[in-house]
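In this text, residue positions in the sequence shown follow UniProt numbering: the first is 1, and each later residue adds one.
All C-beta atoms, glycine included, are put in the ideal place defined by N, C-alpha and C.
Structure first, then comments.
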Amino acid sequence: MKKDHKPAGPSQRMLRVGELVRHALAALFARGEIEDEALRGAVVTVPEVRMTPDLKIANAYVMPLGGTHAEEIVAALNRHRKFIRGRIAPQIDLKYAPEIRFFVDDTFEEAGRIDALLRSDRVKRDLDDDAGTDED
């Protein structure tokens with residue numbers, strides 16, 4: 001009996017298309033083509049785009065420079081997602097342009113939280129205890 005083998009992570013194609021979408025979004029944001037009060041003067045970065053296995057949905061994780069008003073900017077981008085989809089479709093050259101959903105990228109916050117945890121007194125004390133036992 002043969003078991004179905006599911007890959008642990010995204011396929012090479014999902015990664016490639018995600019990068020194409022990410023570059024197209026970054027170029028669109030740099031040109032400032034989206035007319036919305038919440039986006040006026042905001043510099044938006046796109047650290048990551050994750051594609052679904054069927055390539056029909058692109059989950060774009062965005063963060064405004066400085067991290068201010070992130071929720072408002074994501075809401076504005078989601079309001080204009082049909083316009084954005086139409087603008088990037090010719091650049092990515094797929095049979096179907098993916099539906100784009102925008103989310104706030106919280107990886108920087110998570111990294112900061114982990115860094116603070118690693119620098120905490122509790123962790124330092126545990127590391128000092130481990131260093132003392134290694135000298136035996």
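Between which two residues does the alpha helix (DSSP H) holding residue i run?
i: R113; result: 107-118
i: A89; result: 81-92
Which partner residues does residue i have in the DSSP bridge list?
i: residue 163; result: It is not possible to answer for residue 163, since the shown part of the chain is limited to 1 through 136.
i: R101; result: N59
Can you round the beta-carbon distance between residue i and residue j to whole angstroms, since I take them to be within the 8 Å contact cut?
i: A76; j: V104; result: Contact flag wrong, Cβ pair sits at about 12 Å.
i: E72; j: A116; result: That belief does not hold up - the Cβ atoms of E72 and A116 are roughly 26 Å apart, past 8 Å.
i: P98; j: A58; result: 4 Å
i: R101; j: A60; result: 7 Å
i: M14; j: P53; result: 7 Å
i: V17; j: M51; result: 5 Å
In the segment 7-59, which residue ranges form an unbroken alpha helix (DSSP H) of at least 4 residues, counting only runs that do not cross its ends? Under the rule that a run must span 4 or more residues, the alpha helix (DSSP H) segments found entirely inside the segment 7-59 read 12-31.
If contact is defined by three or more beta carbon pairs under 8 Å, each pair taking one atom from either stretch, is the segment 75-83 in contact with the segment 106-116? no
Are there three or more Cβ pairs, one per stretch, closer than 8 Å when the segment 46-55 is compared with the segment 19-27? Contact annotation: the segment 46-55 touches the segment 19-27, with at least three C-beta pairs closer than 8 Å.
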